[in-house]
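Mind the numbering: the sequence shown is residues 1236 to 1735 in the working numbering, read in order.
Just below is one structure, and these are the notes that go with it.
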Amino acid sequence: MIEKLEEVIKKVTSPANRIGTFLGATSRDTAHIVVGGADYYCNVDPRIPLAKLKNGTRVLVNEAYVIVGDLGFETAGPVTKITEVLSDDRLRVGSEHGLQSMVLQRSADLATSTLKSGDEVRVDPNYRMALEMLARTKSHEHYLDVVPELPWGKVGGQEAALQAIKDAIELPLLHVDLFKKFQHATPKGFLLYGPPGCGKTLIGKATAYNLTKQLREKTGAEMTEYFMHVKGPEILNMWVGESERMVRELFATAREKRREGFMPFVFIDEAESILGTRRASRYSNILSTLVPMFCSEMDGIDSLNDVVIILASNRADLIDPAILRPGRIDRKIKVNRPNKQGARDVYRIYLTDDLPYDGALAKEADNVGAAVEQLVERFVDWQFAKREENKFLEVTLRSGRKETLYRSDLISGAIIASIVERAKAMAIKRAIATQQEEGIRETDLQLAFNAEYTENDIFPATDVTEDWLKLIDYDPENVVKIAPVRPLADARFRTISGVI
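This is the structure in structure tokens:
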């Protein structure tokens, strides 16, 4: 009983052991360790084989600072990114977690690992050893977007924009010698600007698909596009310097993928949200540092053979001029609303021959394709007709002249796609109700067209009309009054006036 009591007293009065990190052996029986940020040369318990201790492992240290136990590698700890791989098994890591840039040693487990800039490593609590390389997760490819097979023919209603892009990206690839002879530089980036829903993102993906295809055919090498779709606000971060770090990482990833054989595309949607005009202010503004960072990264790109930068914006006038200057964004391409022929092309993309159509419609022509062509022709003529029910906005200019805008003036590829989907839904509901095989009718498209403009309040509010006028190619300074025309329940019309 006394012996047990003495043993208990010894346990509760013994000092606690410390945990350190083993940095290496200094001789046959001494070791170099770090405990609580302080370095020690210490002895090793003879029962602990010094040769079996691995650099970076945790060790148990008694009150005399003698290693008395091997605890193995830590399984948790801070994570940082490698910025440079140095010689002598050293790594330079970035200034994250509020720390300065520092140099780490590799642990025994990383001695033979192939590390490169941008890799994430787990660090010991004393920030002396890189213990483990973390596998690249989906977060590393957070911006990666899938590019479907998208030849130019699948983009309808934007012939002028497509031709401008084809001239910019295909001619330099097909006529390299001629471009060298004239010393004509290839563009680095593009700006796609115009109203929402008109195909800017689709054009960006089509550019990625077709440019990669051209390079693959020219070089004969296997090459895949790497389309990084960045929504502008995703870059913004409340922490100082974090947005700039994300921009650096974005371009670093693109360059790395180019070295790996991919064709990287950086597509930044809503570019005005992160690359807006800088203004003098005594208050801190993230754009004052984010825009210069983006400019410096773009200056490191030689041509579209390295990385292709595509910006998309509804309000190009809000983007900083330093971004849009020649040498950075070399091509500014307007993506307009589709005209009558463009609307036909877009409808024809969505109304394919393999869809079920009403039986009466199929009898109008020799084949389904011709019948659908006639359907689209009639429906687009009906949609673009200058009828009273199609009016949506009356604009009074400073000259006193009044102009009426119709629903067709606000048409877009996204609205056309929605109209077709609504028509399909009507045909499906009719087939369920009648228990018969039904197809899409012309009246389905007409009802869907009216529902699209009636259900969605797409008319601009009078307090934000200045922004909307720019989206429909009206200079707000030349407009003194607007009158949105809205149908009432009894099919009469009323106007709501707004003075700018």
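Glycine residues also receive a C-beta, built at the ideal position from the N, C-alpha and C atoms.
For M1458 and Q1744, the rounded distance between their alpha carbons: Residue 1744 falls outside the range modelled here, since the chain spans only 1236 to 1735, and no answer is possible.
Once DSSP output is grouped into helix, strand and coil, what is the label at E1183? Because the chain here runs from 1236 to 1735, residue 1183 falls outside it and cannot be looked at.
How would you write the range of the beta strand (DSSP E) that N1278 sits in, first residue to last? It spans A1273 to N1278 - the beta strand (DSSP E) in which N1278 sits, taken as one unbroken run.
On the criterion of 16 or more Cβ atoms from any shown chain inside 10 Å, does N1472 qualify as buried, or is it exposed? N1472 counts as exposed, since fewer than 16 other C-beta atoms from the protein chains shown sit within 10 angstroms of its C-beta.
One question on the structure: do V1615 and Y1582 come within less than 9 Å of each other, judged by their Cβ atoms? Closer than 9 Å, so yes.
Should the stretch 1363-1371 be called in touch with the stretch 1407-1414, which here means at least 3 C-beta pairs below 8 Å? Flag = no, the stretch 1363-1371 and the stretch 1407-1414 do not touch.
Going straight from the alpha carbon of I1509 to that of L1339, what length do you get? The straight-line gap from Cα to Cα measures roughly 34 Å.
Host beta strand (DSSP E) of Y1461 (start-end): Counting along the chain, the unbroken beta strand (DSSP E) around Y1461 starts and ends at E1460 to K1466.
Please determine if the stretch 1440-1455 and the stretch 1383-1401 are in contact, where contact requires at least 3 C-beta pairs separated by less than 8 Å. Enough Cβ pairs lie closer than 8 Å, so yes.
Within this structure, are the beta carbons of G1391 and G1577 separated by less than 9 Å? Taking a C-beta distance under 9 Å as the contact criterion, G1391 and G1577 qualify as a contact pair.
Where H1464 falls, given that 16 or more other Cβ within 10 Å makes a residue buried: The residue in question, H1464, is buried, as its Cβ has 16 or more Cβ neighbours within 10 Å.
Identify the residues that DSSP records as bridge partners of Q1340: which are they? Residue pairing by DSSP puts Q1340 in a beta bridge opposite R1325 and M1364.
Would you grab the beta carbon distance between N1297 and N1361 for me? Rounded to a whole angstrom, and I think it's under 8 Å. Actually they do not touch by this definition, with Cβ atoms about 19 Å apart.
So A1260 and A1266 are in contact, right, with Cβ under 8 Å, and what is the actual spacing, rounded? Correct: roughly 5 Å between the Cβ atoms.
Where does K1435 fall in DSSP's three states? DSSP, reduced to helix, strand and coil, places K1435 within a helical segment of the structure shown.
Determine whether the beta carbon atoms of A1620 and V1655 lie at a separation below 9 Å. Their beta carbons are not under 9 Å apart, which means A1620 does not touch V1655 by this criterion.
Taking Cβ positions, are R1642 and Y1688 nearer each other than 9 Å? Y1688 sits close to R1642, with the two beta carbons spaced by under 9 Å.
Starting from A1660 and walking both ways along the alpha helix (DSSP H), at which residues does that stretch end? The continuous alpha helix (DSSP H) containing A1660 extends over residues G1648 to T1669.
With respect to 8 Å, is the separation between the Cβ of N1445 and the closest non-hydrogen atom of the ligand ADP below this value? Ligands in the displayed structure: none, and consequently the ligand ADP is not present.
Does DSSP put P1281 in a helix, a strand or coil? It is coil, neither helix nor strand.
Would T1639 pass as a contact of L1628 if the rule is Cβ separation under 9 Å? Note that the C-beta distance between T1639 and L1628 is below 9 Å.
So, at 6 Å on beta carbons, what are the nonlocal neighbours of G1439 in its own chain, with the 5 sequence-adjacent residues on each side left out? Around G1439, the same chain offers F1502 and I1545 as residues with beta carbons nearer than 6 Å, after the five sequence neighbours per side are excluded.
Sort K1626, D1541 and L1645 by Cα distance to N1571 and report the nearest one. For the set K1626, D1541 and L1645, the Cα lying nearest the Cα of N1571 is the one of L1645.
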